[in-house]
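S.K.: First to last, the sequence lines map onto chains D and S.
Take 25 as the starting number for the first sequence in my numbering and just add one per residue.
Take 25 as the starting number for the second sequence in my numbering and just add one per residue.
Glycine included, C-beta positions come from ideal geometry on N, C-alpha and C.
The structure displayed is predicted, hence computed values, not measured ones.
There are 2 protein chains.
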Amino acid sequence: MSQHRHPGAPGRAGAVPALPDLPEATVARLPEYLRALHNLAESGHETVSSEGLASAAGVNSAKLRKDLSHLGSYGTRGVGYDVALLVDQIEFVLGLTQRRAVALVGVGNLGHALAGYDGFASRGFRIAALFDADPERVGEEISGLVVQHIDELPRVAVEESIAIGVIATPAPAAQAVADQLVAVGVTSILNFAPCVLSVPEGVDVRKVDLAIELQILSFHEHRKASLTALPATGGSALTALPGGLAVTDSQEAIGT
Amino acid sequence: MSQHRHPGAPGRAGAVPALPDLPEATVARLPEYLRALHNLAESGHETVSSEGLASAAGVNSAKLRKDLSHLGSYGTRGVGYDVALLVDQIEFVLGLTQRRAVALVGVGNLGHALAGYDGFASRGFRIAALFDADPERVGEEISGLVVQHIDELPRVAVEESIAIGVIATPAPAAQAVADQLVAVGVTSILNFAPCVLSVPEGVDVRKVDLAIELQILSFHEHRKASLTALPATGGSALTALPGGLAVTDSQEAIGT
DNA sequence: CGCGATTTGTGCACGCCTTCACAAGCGCCT
DNA sequence: AGGCGCTTGTGAAGGCGTGCACAAATCGCG
Chain D
25 MSQHRHPGAP GRAGAVPALP DLPEATVARL PEYLRALHNL AESGHETVSS
75 EGLASAAGVN SAKLRKDLSH LGSYGTRGVG YDVALLVDQI EFVLGLTQRR
125 AVALVGVGNL GHALAGYDGF ASRGFRIAAL FDADPERVGE EISGLVVQHI
175 DELPRVAVEE SIAIGVIATP APAAQAVADQ LVAVGVTSIL NFAPCVLSVP
225 EGVDVRKVDL AIELQILSFH EHRKASLTAL PATGGSALTA LPGGLAVTDS
275 QEAIGT
Chain S
25 MSQHRHPGAP GRAGAVPALP DLPEATVARL PEYLRALHNL AESGHETVSS
75 EGLASAAGVN SAKLRKDLSH LGSYGTRGVG YDVALLVDQI EFVLGLTQRR
125 AVALVGVGNL GHALAGYDGF ASRGFRIAAL FDADPERVGE EISGLVVQHI
175 DELPRVAVEE SIAIGVIATP APAAQAVADQ LVAVGVTSIL NFAPCVLSVP
225 EGVDVRKVDL AIELQILSFH EHRKASLTAL PATGGSALTA LPGGLAVTDS
275 QEAIGT
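#1: If you reduce the DSSP assignment to three classes, tell me which class serine 97 (chain S) lands in.
#2: Measuring straight from C-alpha to C-alpha, what distance separates valine 51 (chain S) and leucine 77 (chain S)?
#3: Contact defined as beta carbons within less than 8 Å: I believe glutamate 184 (chain S) pairs with glycine 119 (chain D). What is the distance between those atoms, to the nearest angstrom?
#4: Check whether the Cβ of leucine 43 (chain D) lies closer than 8 Å to any Cβ atom in chain S.
#5: Which of the three DSSP states, helix, strand or coil, is assigned to valine 111 (chain S)?
#6: Report yes if the C-beta distance between aspartate 156 (chain D) and valine 171 (chain D) is below 8 Å; otherwise report no.
#7: In this structure, how does DSSP classify threonine 294 (chain D) when only helix, strand and coil are distinguished?
#8: Between arginine 89 (chain D) and chain S, is the shortest Cβ-Cβ distance under 8 Å, so that the two count as touching?
#9: Taking the DSSP output, what are the residues bridged to tyrosine 141 (chain S)?
#10: Are there 16 or more other CB atoms within 10 angstroms of the CB of aspartate 142 (chain S), so buried, or fewer, so exposed?
#11: Could you spell out the range, first to last residue, of the beta strand (DSSP E) harbouring asparagine 84 (chain D)?
#12: Assign leucine 43 (chain S) to buried or exposed, taking buried as 16 or more other Cβ atoms, counted over all protein chains shown, within 10 Å of its Cβ.
#13: In chain S, which residues lie less than 9 Å from glutamate 245 (chain D) when you measure between Cβ atoms?
#14: Does any residue of chain S have a CB that is nearer than 8 Å to the CB of valine 208 (chain D)?
#15: Could you list which residues in chain D have their beta carbon closer than 8 Å to that of arginine 150 (chain S), in chain order?
#16: Leaving out the 5 sequence neighbours to the left and right, which residues in its chain are closer than 8 Å to glycine 268 (chain D) when beta-carbon positions are compared?
#17: Between glycine 148 (chain S) and serine 242 (chain D), is the Cβ-Cβ spacing less than 8 Å?
#18: On the three-state DSSP scale, how would you describe arginine 161 (chain D)?
#19: Going by DSSP in three states, arginine 147 (chain D) sits in which element: helix, strand or coil?
#20: Run through DSSP, which three-state label would threonine 211 (chain D) get?
#21: Is leucine 169 (chain D) helix, strand or coil when you go by DSSP?
#22: Of all the CB atoms in chain S, is at least one closer than 8 Å to the CB of valine 51 (chain D)?
#23: Drop a sphere of 10 angstroms on the beta-carbon of phenylalanine 144 (chain S), count the other beta-carbons inside from all chains shown, and report buried for 16 or more, exposed for fewer.
#24: Using the C-alpha atoms, what's the distance from leucine 128 (chain D) back to leucine 134 (chain S)?
#25: Does the beta-carbon of valine 126 (chain D) have 16 or more other beta-carbons within 10 angstroms, so that it is buried, or is it exposed?
#26: Which stretch, first to last residue, makes up the alpha helix (DSSP H) that contains alanine 217 (chain D)?
#27: Have a look at the DSSP bridge pairing and note the partners of tyrosine 105 (chain D).
#28: Reducing DSSP to helix, strand and coil, say where alanine 192 (chain D) ends up.
#29: Between D:Arg124, D:His94, D:His62, which has its C-alpha nearest glutamine 239 (chain S)'s C-alpha?
#30: By DSSP, does serine 79 (chain D) sit in helix, in strand, or in coil?
#31: Taking tyrosine 98 (chain S) and leucine 110 (chain S) to be in contact with their CB atoms under 8 Å, please state how far apart those CB atoms are, rounded to whole angstroms.
#32: Count the other CB atoms within 10 Å of the CB of serine 146 (chain D); is the residue buried (16 or more) or exposed (fewer)?
#33: Apart from the five residues on each side of it in sequence, which residues of its chain come closer than 8 Å, Cβ to Cβ, to serine 93 (chain D)?
#34: Tell me which residues share the same chain as glycine 226 (chain D) and place their Cβ nearer than 7 Å to its Cβ, disregarding the 5 neighbours each side in the sequence.
#35: Using a Cβ-Cβ cut-off of less than 8 Å, list which residues of the region 67 to 95 of chain S approach chain D; keep chain order.
#36: Along the chain, where does the beta strand (DSSP E) that runs through valine 229 (chain D) open and close?
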């Protein structure tokens, strides 16, 4: 794509420009704004107001303005934000001007799906290598990549300039894989295994646990059910709690 | 205030369903505690201190104590927490005493993996039905379930008492699926499609976007690289991003 | 029976994040 | 040119979450 141009900084060389230190909460929302902006760009919008972008991203408009203000002033009062300009700016801040190489370890059930997930490629990442510890799986081809044995990691990590590691192994294997990734210089790990990873300082770990998300939803279901007297859907809502537990306690209305 | 009086034996299935309204941050951590507790139970521990459980769950011990205190007093000073008791208590609060039925919509790349993911079954959920809009996929058997057409949703939702819907469709189809789920009474949705869903009040939506996680990691990679690459930029304007590079980082291992 | 070691539960202070409300800035129309 | 409407950017206030530090409670032992 285009060279990473940096709006507002005239004639800067290839030097690494200053990065504002953004609040974590803001960083977590920037990708969402970026996705919304891409949609807007595709549908022909050249500018967008904070209100419009906020609703497209599912957030409050004041929050969006404050988030964007941390990047600098890239809006025009009375008009809104230039979509293309904002896309470039956010992509730059997120470090997406270079396509980062991702190593995926563990091509079981979930790993298989991740390897074929095109959402990665379309949003700035390239799955550069697949690994597994199971000799049965080594050699298998998935989405144009051949699964390699995890012992090949050191060689491949250098060859492919691996920047990010994705762990999709069973939980018992995850820590060892994390150690191996760290050993070859990976400093960002996305962990799908349901366990806590311990890594040295300077290594970022983000965790995605599918079951946890369901459990959080379950809590809210439970709370909602305990507030409504009886579910009207006439199903077998009382097939649980063998002790004959009557879930008919409720006194609080949801405050806010 | 907390009136979580807990008379008699709070043993399993004897709990009084006084649901305290927990802070969201606490709710999000409870599943992690639960997983750590299950591990501890398997390895023979009958009690555990806040310090021990905290490190197993990857959090601060004070935070853990405060979280658990919201559930009531289930620890013993000088001793710690009874593992089995705490497991029961957390499972109750999370509404896991009944096995909730989950409908999975979209058996493409990701949906396939989710359908086969055993982490759901092992943590209190039952994938009760698979749906897809593509006639090609209807009839296919995955992990012992036959994919049904999405139009069958109303019938199956009642038969199976579907409580939670999981959307693993492409983004353009997600909103329509969400509407269909809401129409049949589902009030909790886990959305894997990269888009914002609009749902009526009272319906909970949680979103998991795999690419967003990578983009957040990318930001930190970018920041780390910009710090190690250039100590001080060459003095000129460079004022596109006011605030300069105030290196006030620390805070690795982001936990959401 | 009392004492010390240990660990929970919590009051408190601090910092981050969100939200409101509004001044400042920009374009357009007259 | 001037005024008007619209939108951004931000100061300030409030809420929420985190972590410290300690009192209260419990067990084990002499």
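M.R.: With the structure as the only source:
#1: The sequence position of residue 97 (chain S) within the second sequence is 73, counting from 1. In the displayed model, serine 97 (chain S) falls within coil according to three-state DSSP, outside both helix and strand.
#2: Position 27 of the second sequence, counted from the first residue, corresponds to residue 51 (chain S). Position 53 of the second sequence, counted from the first residue, corresponds to residue 77 (chain S). Spanning the alpha carbons of valine 51 (chain S) and leucine 77 (chain S) requires a straight line of approximately 16 Å.
#3: Position 160 of the second sequence, counting from 1, holds the residue named residue 184 (chain S). Position 95 of the first sequence, counting from 1, holds the residue named residue 119 (chain D). A Cβ-Cβ separation of about 44 Å leaves glutamate 184 (chain S) out of contact with glycine 119 (chain D) under the 8 Å criterion.
#4: For this step, residue 43 (chain D) is matched to residue 19 along the first sequence. Under the Cβ distance rule, leucine 43 (chain D) counts among the residues neighbouring chain S, one pair being separated by less than 8 Å.
#5: As a working mapping, residue 111 (chain S) is identified with position 87 in the second sequence. If DSSP states are grouped into helix, strand and coil, valine 111 (chain S) belongs with the helices.
#6: As a first step, residue 156 (chain D) is located in the first sequence; it is residue number 132 there, counting from the start. As a first step, residue 171 (chain D) is located in the first sequence; it is residue number 147 there, counting from the start. In this structure, aspartate 156 (chain D) places its C-beta atom within 8 Å of the C-beta atom of valine 171 (chain D).
#7: Residue 294 (chain D) lies beyond the range of chain D shown here (25 to 280); nothing can be said about it.
#8: On the first sequence, position 65 is the one that residue 89 (chain D) refers to. With 8 Å as the cut-off, arginine 89 (chain D) does not count as an interface residue toward chain S.
#9: Working through the second sequence from its first residue, we reach residue 141 (chain S) at position 117. The partner list for tyrosine 141 (chain S) (beta bridge, DSSP) is empty, contrary to what the question assumes.
#10: Taking the second sequence and counting its residues from 1, the one referred to as residue 142 (chain S) is at position 118. With a threshold of 16 other beta carbon atoms within 10 Å, aspartate 142 (chain S) falls short and is exposed.
#11: Position 60 of the first sequence, counted from the first residue, corresponds to residue 84 (chain D). Careful: asparagine 84 (chain D) lies outside any beta strand (DSSP E) and carries neither H nor E.
#12: Position 19 of the second sequence, counted from the first residue, corresponds to residue 43 (chain S). Counting the other Cβ atoms within 10 Å of the Cβ of leucine 43 (chain S) gives 16 or more, which makes it buried.
#13: Start at 1 with the first residue of the first sequence, and residue 245 (chain D) comes out as number 221. Chain-order list of chain S residues neighbouring glutamate 245 (chain D): Gly119, Arg124, Ala187, Ile188, Thr211, Ser212, Asp228, by C-beta distance under 9 Å.
#14: Here residue 208 (chain D) refers to the residue found at position 184 when the first sequence is read from its first residue. Output row for valine 208 (chain D): interface = no.
#15: One-based indexing of the second sequence puts residue 150 (chain S) at position 126. The premise fails here: arginine 150 (chain S) is roughly 11 Å from chain D at the closest Cβ pair, so nothing lies under 8 Å.
#16: Here residue 268 (chain D) corresponds to residue number 244 of the first sequence, with the count starting at 1. For glycine 268 (chain D), the predicted structure reports a pLDDT of 31, less than 50, and the residue's modelled location is therefore unreliable. A value from the coordinates is still provided. Here the set comprises nothing.
#17: On the second sequence, position 124 is the one that residue 148 (chain S) refers to. On the first sequence, position 218 is the one that residue 242 (chain D) refers to. Cβ atoms of glycine 148 (chain S) and serine 242 (chain D): closer than 8 Å.
#18: The residue given as residue 161 (chain D) occupies position 137 in the first sequence. Residue state, collapsed to three classes: coil.
#19: Position 123 of the first sequence, counted from the start, is the residue given in the question as residue 147 (chain D). In the three-state scheme derived from DSSP, where H, G and I count as helix and E and B as strand, arginine 147 (chain D) is classed as coil.
#20: For the purposes of this step, residue 211 (chain D) is identified with residue 187 of the first sequence, where counting begins at 1. Note: threonine 211 (chain D) maps to coil in three-state DSSP.
#21: Start at 1 with the first residue of the first sequence, and residue 169 (chain D) comes out as number 145. Note: leucine 169 (chain D) maps to strand in three-state DSSP.
#22: For this step, residue 51 (chain D) is matched to residue 27 along the first sequence. Yes, valine 51 (chain D) lies at the interface with chain S (some Cβ there is under 8 Å from its Cβ).
#23: Here the question's residue 144 (chain S) lines up with position 120 in the second sequence. Phenylalanine 144 (chain S) should be labelled buried.
#24: Here the question's residue 134 (chain S) lines up with position 110 in the second sequence. Here the question's residue 128 (chain D) lines up with position 104 in the first sequence. Leucine 134 (chain S) and leucine 128 (chain D) have their C-alpha atoms some 15 Å from each other.
#25: Taking the first sequence and counting its residues from 1, the one referred to as residue 126 (chain D) is at position 102. So valine 126 (chain D) ends up on the buried side.
#26: Within the first sequence, numbered from 1, the residue matching residue 217 (chain D) stands at position 193. First-last for alanine 217 (chain D): undefined, no H or E at that position.
#27: Position 81 of the first sequence, counted from the start, is the residue given in the question as residue 105 (chain D). Under DSSP, tyrosine 105 (chain D) forms a beta bridge with D:Val72, D:Gly99.
#28: What you label residue 192 (chain D) is simply residue 168 of the first sequence in a count that begins at 1. Assignment of alanine 192 (chain D) by DSSP, reduced to helix, strand and coil, places it in the coil class.
#29: Taking the first residue of the second sequence as position 1, residue 239 (chain S) is located at position 215. Of D:Arg124, D:His94, D:His62, the residue nearest in Cα terms is D:Arg124.
#30: If you number the first sequence from 1, residue 79 (chain D) lands on position 55. In the structure shown, the three-state DSSP call for serine 79 (chain D) is helix.
#31: Position 74 of the second sequence holds residue 98 (chain S). Position 86 of the second sequence holds residue 110 (chain S). About 6 Å; that satisfies the 8 Å criterion.
#32: Here residue 146 (chain D) is taken as the residue at index 122 of the first sequence, counted from 1. So serine 146 (chain D) ends up on the exposed side.
#33: Locating residue 93 (chain D) in the first sequence gives position 69, where the first residue counts as 1. A distance below 8 Å between beta-carbons, with the five flanking residues on each side excluded, links serine 93 (chain D) to no residue of its chain.
#34: The count along the first sequence starts at 1 and reaches residue 226 (chain D) at position 202. These residues qualify, in order along the chain: Thr211.
#35: Listed by position along the chain: Ala80, Ala81, Gly82.
#36: Sequence index remark: in the first sequence, residue 229 (chain D) carries index 205 (1-based). Where valine 229 (chain D) is concerned, the enclosing beta strand (DSSP E) starts and stops at 228 to 231.
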